[in-house]
Amino acid sequence: MSQQKRYHTLEIQNIDLKNIELQGDVLDIGGGGEGIIGQTLENKVVAIDKLKGELEEAPEGPLKLVMDAKELKFLDNSFDNATSFFTFMYIKKEDYKVVFKEIYRVLRSDGKFKMWDTIIPKYKGGGKDIFLVPLEIDMGNKVITTTYGVLWPGREQNIDTFIKTGKDIGFKIDNYEKQDKTFFITFKK
Ligand SMILES: C[S@@+](CC[C@H](N)C(=O)[O-])C[C@H]1O[C@@H](n2cnc3c(N)ncnc32)[C@H](O)[C@@H]1O
Numbered sequence: 002m003s004q005q006k007r008y009h010t011l012e013i014q015n016i017d018l019k020n021i022e023l024q025g026d027v028l029d030i031g032g033g034g035e036g037i038i039g040q041t042l043e044n045k046v047v048a049i050d051k052l053k054g055e056l057e058e059a060p061e062g063p064l065k066l067v068m069d070a071k072e073l074k075f076l077d078n079s080f081d082n083a084t085s086f087f088t089f090m091y092i093k094k095e096d097y098k099v100v101f102k103e104i105y106r107v108l109r110s111d112g113k114f115k116m117w118d119t120i121i122p123k124y125k126g127g128g129k130d131i132f133l134v135p136l137e138i139d140m141g142n143k144v145i146t147t148t149y150g151v152l153w154p155g156r157e158q159n160i161d162t163f164i165k166t167g168k169d170i171g172f173k174i175d176n177y178e179k180q181d182k183t184f185f186i187t188f189k190k
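Everything in the sequence shown is counted per this note's numbering, starting at 2 for the first residue and increasing by one.
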């Protein structure tokens, strides 16, 4: 089967980052690739990614460090904020908890973790096994279009998955919203 026939592509999802308000410094988890949070908040951001090549690809602005989110190399209580922009769709389910625990550990008291991600339903077979999420991201001074994709089987996730994981490891839920096939959650330490 050609690669294209394997694509299950969502309609374009709109993400509004115009009014993203973060006081203090920001640790962006999986901040390589387009490095959207780094592009938006620039030198307030420390971007970590396990792949050097992804960080090299991301625009300049943040401090970029090769690091696995499962084992952050920062001391406890190091950041006011953490973010993850469509990163958890690339993280295995069995690793969610350890990554959440690491984020919680490096946040200061009252620190916030903001995550944006997509709802992925259960794969029903049929060969279209590459799940693609096209995004149009409004950053105020510019609009970026990009597409993130994963191999679908075993990757189902929804907002409840993450709210539960966050609560289980001690986060409070500050707010959350769904918009079409994407969601946004703010956790508070
Ligand atoms: C495709 S990007 C998602 C979008 C990215 N946040 C952006 O703004 O464009 C997901 C990134 O998460 C990274 N990643 C996946 N698992 C990770 C982990 N355990 N630790 C650090 N980075 C990880 C991948 O290497 C990849 O660069």
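By construction, the Cβ of each residue, glycine as well, lies at the ideal position given by its N, Cα and C atoms.
Any heavy atom of ligand 1 closer than 7 Å to the beta-carbon of residue i?
i	result
GLU103	no
ALA83	no
LYS71	yes
THR148	no
Cutting at 6 Å between CB atoms, please list the residues of its own chain near residue i, excluding the five before and the five after it.
i	result
LEU23	ASN82
HIS9	LYS129, PHE132
ASP50	GLY31, GLY32, GLY33, LEU56
ARG156	ILE121
Looking at C-alpha atoms only, which residue of the options is the closest neighbour of residue i?
i	options	result
VAL47	ILE160, LYS98, GLY62	GLY62
ASP17	LYS190, GLY155, LYS189, ASP181	ASP181
GLN40	SER79, ASP139, LEU108	ASP139
PHE172	TYR105, ILE13, LEU42, GLY36	TYR105
TRP212	GLU12, ASP26, LYS19, THR187	Residue coverage of the chain in this structure runs from 2 to 190, which leaves residue 212 outside it and unanswerable.
MET90	THR148, GLN158, GLY54	GLN158
VAL27	LEU52, PHE163, LYS113, ILE13	LYS113
If you drop the 5 nearest sequence neighbours on each side, which residues of the same chain put their C-beta closer than 8 Å to that of residue i?
i	result
GLU103	ALA70, LYS71, GLU72, LEU73
LYS98	THR166, ASP169, ILE170
For residue i, collect the residues of the same chain with a Cβ closer than 7 Å to its Cβ; drop the 5 residues on either side in sequence, then sort them by chain order.
i	result
ASP96	LYS71
Step through the CB atoms of chain B and report whether any lies within less than 8 Å of the CB of residue i.
i	result
LYS53	Among the protein chains of the structure shown there is no chain B, as only one such chain exists.
Legend entry - Stretch-stretch touch, CB-based, cutoff 8 Å, three pairs: the stretch 113-126 with the stretch 53-62: The stretch 113-126 vs the stretch 53-62: no contact.
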